[in-house]
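**Student:**
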Amino acid sequence: MKNVMSNKFVIALYTLPALLLILLLIYVPITLSGYYGLMDWDGIGEMKFIGLENYVTLIQDKMFWTSTWHSFLLAIFSTASLLLYLAISLVLASKIKGSDLLRKIYLIPMLLSSVAIAQLWMKIFDPTNGMANKLLEMFGVENTPIWLADPAIALYAIFIPVIWQYAGFYILIYYAALKNVPDEVIEAAKIDGASPLQIAFKIKLPLISGVFKVTIMLAVVGSLKYFDLIYVMTGGGPNGASEVMASYMYKEAFKLNNFGYGSAIGFGLLVICLVMTWITSKLTKSKDDVQY
Amino acid sequence: MKKKAFSTVMSMALAGSLVLAGCSSSDTSGDSGESSSGDKTVVKMMHLWPEGSSNAQYTIVDDIINAYEKENPDVDIQTEILGNEQYKEKIKVLSASNELPDVGITWAAGYMKPFVEGNMFASLDDIVQEDKFVAGTLDAFSVEESTYALPLELNITPVYYNKEIFEKYNLEAPETYDEFLNVVKTLSDNGVTPITLGNKDRWTGSMWYMYLADRIGGPEVLNKAINRTGSFEDPALVQAAEEIEKLVDMGAFVKGFNGLSNDEAKGYFMNEQAAMYLMATWELPNYTTTPDVAQEFKDKVGYFKFPTYEGGKGDIDSYVGGPGVALFVSEQSKVQDEAKDFVSYLVEEWGKRSVVDAGVIPATVVDTSNGELDQMYVDILNDLGKATNLTLYADVQMSAGVADVHLNQIQSLFGGQSTPKEFAKTQEEALAAEE
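Quick look at the structure:
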C-alpha cells in the first residue's frame with residue numbers, strides 16, 4: 001500500500017476527481033464569465049464580440065461605483081461588529097450562569113434562511129404597522145422613519161439584520177477559540193494577581209488573534225459579495241439607494257438582459273474581492289503568532 | 001506487484017465511476033428531450049400554475065389537456081410546472097441552450113422581443129383567429145405584423161375603494177379629478193390613509209402616472225413618447241408628473257410606499273387601513289370568489305374608473321392595462337404542427353372557462369349572458385366592452401433597459417428625489433439613446 005501511495009501516477013490519479021470538479025465548477029465558470037464580459041449578449045440570442053467595451057463602461061459606470069461603495073460600507077460595518085461579537089463571546093466563555101442557553105439563542109438567526117430573515121425584518125420595518133415604528137411611537141417619536149423607503153437610511157436599515165444574522169456564526173467561532181485557551185495559563189495569571197480584564201486583554205485575546213484575523217477576512221469577503229437580504233428586502237432600491245455589487249450584477253444580467261455586462265460586473269467583483277483579500281491579509285499579518 | 005496493480009485498477013474504477021456518474025445524470029435529461037415515447041407524439045409544455053398555489057388555473061389546464069388527449073389519442077402532452085419567478089429564470093436558461101419546451105408561456109412586448117429576435121418563437125399567424133380576441137390584445141404579442149404568442153389573460157386597472165370608509169366621511173366615488181382630490185383631502189384630514197401603494201415594485205406607481213398622462217394628454221401622448229414619434233418632455237407628460245408630486249405632498253399615499261411591495265401594500269387595503277387601491281383586475285377574485293376573504297369585506301369593496309381631468313384629452317373609458325401571459329410555440333420544436341394545434345385548442349377552451357372557474361379574464365371575448373358570474377365581473381366585462389382605448393403598461397412597452405430607467409424615475413418622482421422636469425428629461429434621454 002505504501003508503494004502505491006508514493007507512486008506519482010497514483011497520486012495524480014487520486015487528486016484527479018477533486019481537481020476536475022474544482023476546475024469544472026469553479027475555475028471554468030470564472031474564466032467563462034470573464035469571457036462573456038467581452039460580449040454583447042442578452043443571455044438569449046447571438047453573442048457578439050465587443051472587446052473590452054463592457055469593462056470600459058464598467059469603469060465609467062457611476063452606479064457600479066455607488067454599489068461598490070455600499071459593499072465597502074457593509075464590509076466596514078460587519079468588521080466593526082466583530083468587536084461586539086468578540087465581547088459577547090468573552091462574556092459567554094467566562095462561565096457565567098446560563099451561558100449555554102444564551103449561546104444557543106445567539107445561534108438561532110444562523111439557522112434561519114436568509115429569505116425568512118428578510119421577511120421577518122420587512123415586517124419589523126413596516127412604516128405603519130411594523131414593530132420598530134410602533135416602539136418608537138410608544139416612546140413619543142412623531143415622525144417615525146420610513147426605513148426601507150428612505151434612500152438616506154435604507155442601506156443602514158438592512159445592515160441591522162445582516163449583522164444580527166451573522167452574530168451566531170462569529171460568536172460560535174470565537175467561543176470555540178476561547179475554550180481552546182489552556183486553563184493553566186489563565187490560572188497562572190490569576191495566581192500572579194491579574195484582573196479578569198487583564199486576563200482578557202493580555203492572555204485570551206492575543207492567543208486567539210489568529211482566529212480573529214481569519215474572521216476579519218471572512219467578514220470582508222462575505223460583505224463584498226453579499227446579496228440575499230438586500231435582494232429580498234429592497235431589491236437595491238429605492239432607486240439604487242441600497243444597491244450592492246452582487247445585486248447590481250444580478251439586476252443587469254437577469255432583469256435587464258445585459259448578460260455580457262452582468263458578467264463584466266461579476267468579474268469586477270471577483271477582482272475587487274481578490275484585491276481586498278490580499279490587502280486584508282497584508283494588514284493583519286504579524287511576524288509570528290503569539291505563544292505562551 | 002499484484003497488489004499494486006489491484007490498487008491502481010481500483011483507483012481507476014473510482015475515478016471512472018465519478019466521471020460516469022456525471023455522465024449518466026446528463027444522459028437521462030438528454031433522453032427526455034426526445035420527442036416520441038412509444039407511438040405517441042410528445043408535446044412538451046411548461047406553465048406557471050402549480051397545483052398548490054394556482055389550483056384553479058392548474059385544474060383548467062389539466063382538464064383541457066385531458067380532453068385534448070382524448071380527442072387526439074396519438075398526442076401525449078407532458079407538462080412541467082414551475083412558480084412564476086422560477087419559470088422566468090428557467091425559460092431564459094433553456095432558451096440560451098436551445099432547449100425550450102414545444103409550448104410555453106411568455107409575457108408581452110419587451111419581455112418577448114429578445115426571444116423573437118433570437119428566433120426562438122414560431123410565428124402563429126397561421127392559427128390566430130383575430131376576431132376571437134379582444135381588440136388590441138394581440139398587438140402586444142406581435143413583432144413586425146406577425147403574431148408570436150396567443151394571450152390567455154387580459155387585465156384593466158380600476159381603482160378599488162372601501163365603500164364603508166367612503167360612507168363614513170360622506171364621500172362618493174369620484175368622476176372628475178377635482179372630486180378625486182377632494183376625496184383624498186377629506187380622508188387625509190381625518191387621518192385615514194387615502195391610497196395604498198406598493199411602490200417598491202415600481203410598476204405600481206407607474207400605473208398612477210400612466211393614468212394621469214392619459215387623462216391629461218390623451219392616450220396617444222405616452223405611446224408616442226415611447227415609440228419615438230413624440231417626446232417624453234411633452235407638456236402633458238410633465239404635467240402628469242406634477243400632479244403625482246402634488247398627490248404625494250397631500251399625503252395621498254400610504255406612509256413609506258417606496259419601501260412596500262405590492263403585496264404588503266395590498267394588506268393595507270384588505271385590512272381596511274387604506275381607502276383606495278389602484279390595481280389590475282387580477283385582484284377581482286379577492287373581492288368576489290376567494291373563500292379565504294371574509295364576505296363582510298367583499299361587500300365593502302367597490303370600484304370606480306380613473307376620474308377624468310378637467311381640460312384633459314383622455315376620456316373615462318380609456319384604461320391602463322394589458323394582456324398578461326400568452327402561449328408561444330418554440331421555433332426549434334420538432335412537433336410544431338401538433339404544438340400549434342394544441343395551442344389554439346387550449347386558448348379557445350381557456351376562454352370558455354377561465355372567468356367562471358379561476359376568475360381570470362381571458363383575452364378572448366367572453367359571453368356574460370349565462371348568469372354564473374359575480375356582479376363585479378359582469379360590470380368589469382361590460383366596461384371592457386365599452387373601452388375606447390387600452391394602454392399597455394409602460395414598462396412592458398419599453399425595452400428592459402429603458403423600462404428600468406422609467407421605473408427608477410417613477411420611484412424617484414414619488415419619493416421626491418426627481419422633479420417632474422428631471423423625471424421627463426431622464427426618460428427622454430434614455431429613450432433617445434436607444435433609437
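Sequence order for the protein chains is C and P. Quick note: the first sequence uses our numbering, first residue 1, plus one each step. Quick note: the second sequence uses our numbering, first residue 1, plus one each step. All C-beta atoms in this analysis are idealised placements derived from N, C-alpha and C, irrespective of residue type, glycine included.
For P:Ser-25, which residues from the same chain have a beta carbon less than 6 Å from its beta carbon, with the 5 sequence-adjacent residues on both sides left out?
**Tutor:** Interpretation of P:Ser-25 is limited by its pLDDT of 39, a score under 50 that renders its predicted location unreliable; the figure taken from the coordinates is listed afterwards. If we look at P:Ser-25 and ignore the five residues flanking it on each side, it has no Cβ neighbours.
**Student:** Verify the CB distance criterion: does C:Thr-128 have a CB-CB separation below 8 Å to chain P?
**Tutor:** yes
**Student:** Give the residues of chain A in contact with P:Phe-115, contact being defined as C-beta atoms less than 7 Å apart.
**Tutor:** Considering every chain present, this structure includes no chain A. Its protein chains are C and P.
**Student:** Going along the chain, which residues of its own chain have a beta-carbon closer than 6 Å to the beta-carbon of P:Val-320, five neighbours each way excluded?
**Tutor:** For P:Val-320, where only same-chain residues beyond five positions count, the Cβ hits under 6 Å are Thr-157, Met-207, Met-210, Tyr-211 and Thr-391.
**Student:** Would the segment 262 to 275 of chain C and the segment 19 to 27 of chain C be scored as touching if the rule is three or more Cβ pairs under 8 Å?
**Tutor:** no
**Student:** Counting contacts by CB-CB distance shorter than 8 Å, is C:Pro-29 in contact with chain P?
**Tutor:** The Cβ of C:Pro-29 sits no closer than 8 Å to any Cβ of chain P.
**Student:** From P:Glu-428, P:Glu-434 and P:Ala-433, pick the residue whose C-alpha is nearest to that of P:Ala-225; which is it?
**Tutor:** Taking each of P:Glu-428, P:Glu-434 and P:Ala-433 in turn and checking the Cα distance to P:Ala-225, the smallest one comes out for P:Glu-428.
**Student:** If we define contact as Cβ-Cβ less than 8 Å, is P:Met-398 a contact residue for chain C?
**Tutor:** no
**Student:** Suppose you measure from the CA of P:Lys-386 to the CA of P:Phe-166; what does that come to, to the nearest Å?
**Tutor:** 27 Å
**Student:** How big is the Cα-Cα spacing for P:Pro-101 and P:Ala-363?
**Tutor:** 23 Å
**Student:** Got a sec, what are the start and stop residues for the beta strand (DSSP E) C:Pro-127 sits in?
**Tutor:** First-last for C:Pro-127: undefined, no H or E at that position.
**Student:** For P:Ser-330 and P:Asn-55, what's the separation of their Cα atoms in angstroms?
**Tutor:** Our two residues, P:Ser-330 and P:Asn-55, have alpha carbons roughly 26 Å apart in a direct line.
**Student:** Quick check on P:Gly-401: does DSSP put it in helix, strand or coil?
**Tutor:** Three-state result, P:Gly-401: helix.
**Student:** Would you list, in chain order, the members of the segment 417 to 428 of chain P that have their beta-carbon closer than 7 Å to a beta-carbon of chain C?
**Tutor:** Gln-417
**Student:** Is the Cβ-Cβ distance between C:Leu-220 and C:Thr-280 less than 8 Å?
**Tutor:** Residue identity differs from the one stated: residue 220 of chain C is Val in this sequence, not Leu. Yes; because the gap between Cβ atoms is below 8 Å, this pair is in contact.
**Student:** Does the structure place the segment 332 to 344 of chain P close enough to the segment 113 to 133 of chain P that three or more beta carbon pairs sit under 8 Å?
**Tutor:** Enough Cβ pairs lie closer than 8 Å, so yes.
**Student:** With DSSP collapsed to three states, give me the class of P:Thr-59.
**Tutor:** Helix at P:Thr-59.
**Student:** To the nearest angstrom, how far is the alpha carbon of P:Gln-129 from that of C:Met-245?
**Tutor:** Distance between the alpha carbons of P:Gln-129 and C:Met-245 is about 48 Å.
**Student:** Return the residue from the list P:Phe-257, P:Val-356, P:Ile-195 and P:Leu-197 that minimises the CA-CA distance to C:Phe-125.
**Tutor:** P:Phe-257
**Student:** Spatial neighbours of P:Lys-90 within its chain, please: C-beta separation below 7 Å, excluding the five flanking residues on both sides.
**Tutor:** Leu-82
**Student:** Of all the CB atoms in chain C, is at least one closer than 8 Å to the CB of P:Ser-354?
**Tutor:** no
**Student:** Name the chain C residues that come within less than 9 Å of P:Met-207, Cβ to Cβ?
**Tutor:** Those do not exist, as P:Met-207 stays about 17 Å from chain C at its closest Cβ, beyond 9 Å.
**Student:** Using a Cβ-Cβ distance cut-off of 8 Å, determine whether P:Ser-29 contacts chain C.
**Tutor:** With a pLDDT of only 37 at P:Ser-29, under the threshold of 50, the placement of this residue in the model should not be trusted; the figure read from the coordinates follows. Not closer than 8 Å to any Cβ of chain C, the Cβ of P:Ser-29 fails to qualify, so no.
**Student:** Go ahead and pull the three-state DSSP assignment for P:Tyr-319.
**Tutor:** strand
**Student:** Residue ranges of each beta strand (DSSP E) run of no fewer than 3 residues wholly in the segment 66 to 103 of chain P, ordered along the chain?
**Tutor:** List check, beta strand (DSSP E) in window: 75 to 81.
**Student:** Kindly list the residues whose CB is nearer than 6 Å to the CB of C:Gly-262, restricted to its own chain and excluding five residues on each side of it in sequence; keep chain order.
**Tutor:** Contacts found: Met-249, Glu-252 and Ala-253.
**Student:** In this structure, what does DSSP give as the bridge partners for P:Ala-274?
**Tutor:** P:Thr-193
**Student:** Applying the criterion that 16 or more other CB atoms from any shown protein chain within 10 Å of the CB defines a buried residue, is P:Glu-340 buried or exposed?
**Tutor:** The displayed chain sequence assigns Lys, not Glu, to residue 340 of chain P. That one is buried.
**Student:** Quick test of your reading: C:Ile-88 and C:Ile-171, contact by CB under 8 Å. State the CB separation rounded to the nearest angstrom.
**Tutor:** 6 Å
**Student:** Can you tell me which of P:Ala-424, P:Glu-153 and P:Glu-220 puts its alpha carbon nearest to the alpha carbon of P:Thr-281?
**Tutor:** P:Glu-153
**Student:** Alpha carbon to alpha carbon, what distance is there between P:Ile-316 and P:Pro-307?
**Tutor:** A straight line joining the alpha-carbon of P:Pro-307 with that of P:Ile-316 spans about 6 Å.
**Student:** Going by beta carbon distance, what residues of the same chain come within less than 8 Å of C:Lys-179, once the five residues before and after it are set aside?
**Tutor:** Sequence-distant partners of C:Lys-179 (beyond 5 residues in either direction) whose C-beta falls short of 8 Å from its own C-beta, in its chain, are Ala-93.
**Student:** Please list the residues of the segment 254 to 279 of chain P that have a C-beta atom closer than 9 Å to any C-beta atom in chain C, keeping them in chain order.
**Tutor:** Val-254, Lys-255, Gly-256, Phe-257, Asn-258, Gly-259, Leu-260, Ser-261, Glu-264, Gly-267, Tyr-268, Asn-271 and Gln-273
**Student:** Using C-beta distances below 6 Å, list every residue in its chain close to C:Val-232, excluding the 5 sequence neighbours before and after it, in chain order.
**Tutor:** Counting only residues of its own chain and dropping the five nearest sequence neighbours on each side, C:Val-232 has a CB closer than 6 Å to the CB of Val-115 and Ala-118.
**Student:** Suppose you measure from the CA of C:Gly-140 to the CA of C:Met-131; what does that come to, to the nearest Å?
**Tutor:** 14 Å
**Student:** Would you kindly check if the distance between the Cβ of P:Thr-289 and the Cβ of P:Gly-359 is under 8 Å?
**Tutor:** yes
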